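Visitor:
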Amino acid sequence: MNQKNDSSNPIDMTLAAEILRNNDRGGYTIPTDGLYPFQWSWDSALVALGWMRIDESRAWEEAETMFRGQWANGMVPHILFHKGAESYFPGPDVWGNTKGIPSSAISQPPVWATAIRLLYEQCTDRELADAKLRLLLPKLIAYHEWWYRERDPENTGLVCSYHPWESGMDNSPAWDAPLAAVPEVSWSYQRRDLGHVDSDQRPHKPEYDRYLYLVDLYKRYGFDSQKIYANCPYKVADIGIIAILHRASKDLIDLCRIASHSDGVEALQTELDQTASAINSLWSEDKRCFMSRDLITGKTLDEVTTATVLPLFGGLTSDAQSEAILSLIGEWLDDTSFGLSSTHPSSPRFEPKRYWRGPVWPHINWIIALSALEHGHPEIAARLRRCTMACVQSSGFWEYFDADTGAGCGGDNFSWTAAITLYWLGDST
Ligand code: GLC
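Going by the numbering used here, the residue at position 138 of the sequence shown is 125; the numbering climbs one at a time, nothing skipped.
1) Assuming contact is defined by CB atoms lying nearer than 8 Å, are Ile312 and Cys276 in contact in what I supplied?
2) Can you find the residues in the same chain that come closer than 6 Å, C-beta to C-beta, to Gly326, ignoring five residues on each side of it along the sequence?
3) Under 8 Å: do the segment 245 to 258 and the segment 126 to 141 share three or more Cβ pairs, one atom per stretch?
4) Do Pro140 and ligand 1 come close, with the Cβ less than 7 Å from some heavy atom?
5) Please name the residue or residues paired with Cys276 in a DSSP beta bridge.
6) Flag this pair as touching only if the segment 142 to 158 and the segment 173 to 188 have three or more C-beta atom pairs under 8 Å; answer yes or no.
7) Helix, strand or coil for Ile66, going by three-state DSSP, please let me know.
8) If distances are taken between C-alpha atoms only, which option among Trp29, Met0, Leu199 comes closest to His417?
9) Give me whichever residues DSSP pairs with Asp11 in a beta bridge.
10) Along the alpha helix (DSSP H) that carries Ser381, what are the first and last residues, could you check?
11) Can you have a look at Trp319 and say buried or exposed, based on whether 16 or more other CB atoms are within 10 angstroms of its CB?
12) Please state whether DSSP places Ser90 in a helix, a strand or coil.
13) Use the C-beta contact count for Pro339: other C-beta atoms within 10 angstroms, 16 or more gives buried, fewer gives exposed.
14) According to DSSP, is Met53 part of a helix, a strand, or is it coil?
15) DSSP has Gln26 in a bridge; who is on the other side?
16) Apart from the five residues just before and just after Ile240, which ones in its own chain have a Cβ nearer than 6 Å to its Cβ?
17) Where Ala265 and Asp281 are concerned, what is the direct C-alpha to C-alpha distance, given to the nearest angstrom?
18) Work out the CA separation of Glu73 and Asp321 for me, nearest whole Å.
19) May I ask you to check if the CB of Gly155 is nearer than 7 Å to at least one heavy atom of ligand 1?
20) Less than 7 Å between the CB of Trp27 and some heavy atom of ligand 1, yes or no?
21) Does the beta carbon of Tyr149 fall short of 7 Å from some heavy atom of ligand 1?
22) Grouping DSSP H, G and I as helix and E and B as strand, with all else coil, what is Gly285?
23) I'd like the list of long-range same chain contacts for Gly301, defined as Cβ closer than 6 Å, with 5 residues on each side in sequence excluded.
24) Going along the chain, which residues of its own chain have a beta-carbon closer than 6 Å to the beta-carbon of Ser271, five neighbours each way excluded?
25) If you measure from the CB of Pro18, is any heavy atom of ligand 1 nearer than 7 Å?
26) Counting only runs that start and end within the segment 289 to 327, where is the alpha helix (DSSP H) found for 4 or more residues in a row?
27) Going by other Cβ atoms of all chains shown within 10 Å of its Cβ, with 16 needed for buried, is Thr293 buried or exposed?
28) In chain order, what residues of the same chain have a beta carbon less than 7 Å from the beta carbon of Arg179, not counting five sequence neighbours either side?
29) Where are the beta strand (DSSP E) runs, 3 residues long or more, that stay fully inside the segment 64 to 148, in chain order?
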């Protein structure tokens, strides 16, 4: 099957739907065959939005399957290993969690409550939506409580991340300094990603060695939150996670109000207030955006990436900050032809096709477009949509796109690209 679009033709929505169906493994959707053969958390939330355009009950099922893997402490793991597959490393044996559905031991950007809100508001089958919302609300609340309790035990208002993979922006240059302080594993292993994708689009070995050291550490501490908090050599206040969590908590409170569900709402509101008062400590007047922070050294992670503008999405910005960020975005778009590059092109660490160090990611551009629209800049939203969809139109449904040429990179026939295309183009905004 040729899954490429001809650039002279409109985007093939039938093909987008077909990609989701082909990647459906029965109740959950893999990101792409081979490279990512399991269920990933934030992929799945975005994929549910795509399913909504073609099959509403399947959209809800995606969420239900994910939350079946929720840990007893509320965490939603970043990967659920529903069935065995040899094409991915590190698998469940390396992560070492054997309770319930085998899973990883970290989470991913908590975009679920926001996705559920969109599903709830836009699904046409109201009876189904009400039933699913009632079922999912307590699970979503437990998930958000987990973030605030386990990842901000000192109540600073800023949750912390324990792994670059938790950010979803795995190889971002913003994580270079904190990751460099993590020891490397001494055991040998065989990467599987390089069998699917060119090495110039993937992380280097020393980074992988450190990723695995962290995976080992969680297992060594028996996944005990307190011990990990006290001993993890990688602790980052990731502005992307903080902003996405903040927005999702607001969406969750609104969903609770709709469903007359009061348990947990007051506590969530307290957390929101705490983050809103702490966030300005991450603002950079000079860069016109918010920077992540290394919580071990206390140093600012001085790299302008697409994460640094996400407080706009989180509703965490003052009017002046919103305008400053939107002017930064406007100029950034002037410097690129295919939508926002994951790292600002002026950075010495910008690499146009290496995984999160420069390429364009359609779902991030959608999130930023939505934020621009909400802040009264429809022209920026329209521009982002046009540039991002031009990549899909000319290259196909790839995992991400070369920021300089718009060529497809990473995995092909990728679920979140197909899903965001279905969702975005099916939306009149
Ligand atoms: C990569 C991405 C991550 C995504 C996963 C599955 O690891 O960095 O964000 O969730 O692939 O698509």
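C-beta: ideal position from N, C-alpha, C; glycine also.
As the structure is a prediction and not an experimental result, all values here were calculated from the model.
Guide: So, from the data block:
1) Yes, these two residues count as a Cβ contact at 8 Å.
2) Val347, Asn352, Leu371, Cys374, Thr375, listed in sequence order.
3) Contact between the segment 245 to 258 and the segment 126 to 141 is present: three or more C-beta pairs spanning the two stretches fall below 8 Å.
4) Every heavy atom of ligand 1 is 7 Å or more from the Cβ of Pro140, so no.
5) Among the bridge pairs identified by DSSP, Cys276 is matched with Ser271.
6) No: fewer than three Cβ pairs fall under 8 Å.
7) Ile66 sits in a strand when the DSSP states are folded into three classes.
8) Because the chain is modelled from -12 through 416, residue 417 falls outside the range shown and cannot be assessed.
9) Asp11 is bridged by DSSP to Thr16.
10) 365 to 382 is the extent of the alpha helix (DSSP H) around Ser381.
11) Under a 10 Å Cβ-count criterion, Trp319 is classified as buried, with 16 or more other Cβ atoms of the shown protein chains found around its own Cβ.
12) Of the three classes helix, strand and coil, the one that applies to Ser90 here is strand, per DSSP.
13) Buried, since its Cβ has 16 or more Cβ neighbours within 10 Å.
14) In this structure, Met53 counts as helix in the three-state DSSP scheme.
15) BP columns for Gln26 point to Leu67.
16) These residues qualify, in order along the chain: Val252, Leu255.
17) Whole-angstrom Cα-Cα distance: 15 Å.
18) One C-alpha to the other measures close to 43 Å.
19) Yes - ligand 1 has a heavy atom lying nearer than 7 Å to the Cβ of Gly155.
20) At least one heavy atom of ligand 1 falls within 7 Å of the beta-carbon of Trp27.
21) The nearest non-hydrogen atom of ligand 1 is 7 Å or more from the C-beta of Tyr149.
22) Coil, per DSSP.
23) Around Gly301, the same chain offers Ala230, His233, Arg234 as residues with beta carbons nearer than 6 Å, after the five sequence neighbours per side are excluded.
24) Around Ser271, the same chain offers Met278 as residues with beta carbons nearer than 6 Å, after the five sequence neighbours per side are excluded.
25) Within the cutoff, so yes.
26) Taking 4 residues as the minimum length, the alpha helix (DSSP H) runs contained wholly in the segment 289 to 327 are 298 to 301, 306 to 321, in order along the chain.
27) Buried is the label assigned to Thr293, since at least 16 other Cβ atoms lie within 10 Å of its Cβ.
28) Excluding sequence positions up to five before and after Arg179, its CB lies within less than 7 Å of the CB of Ser74, Tyr75, Phe76, all in the same chain and listed in chain order.
29) Here no run is fully enclosed.
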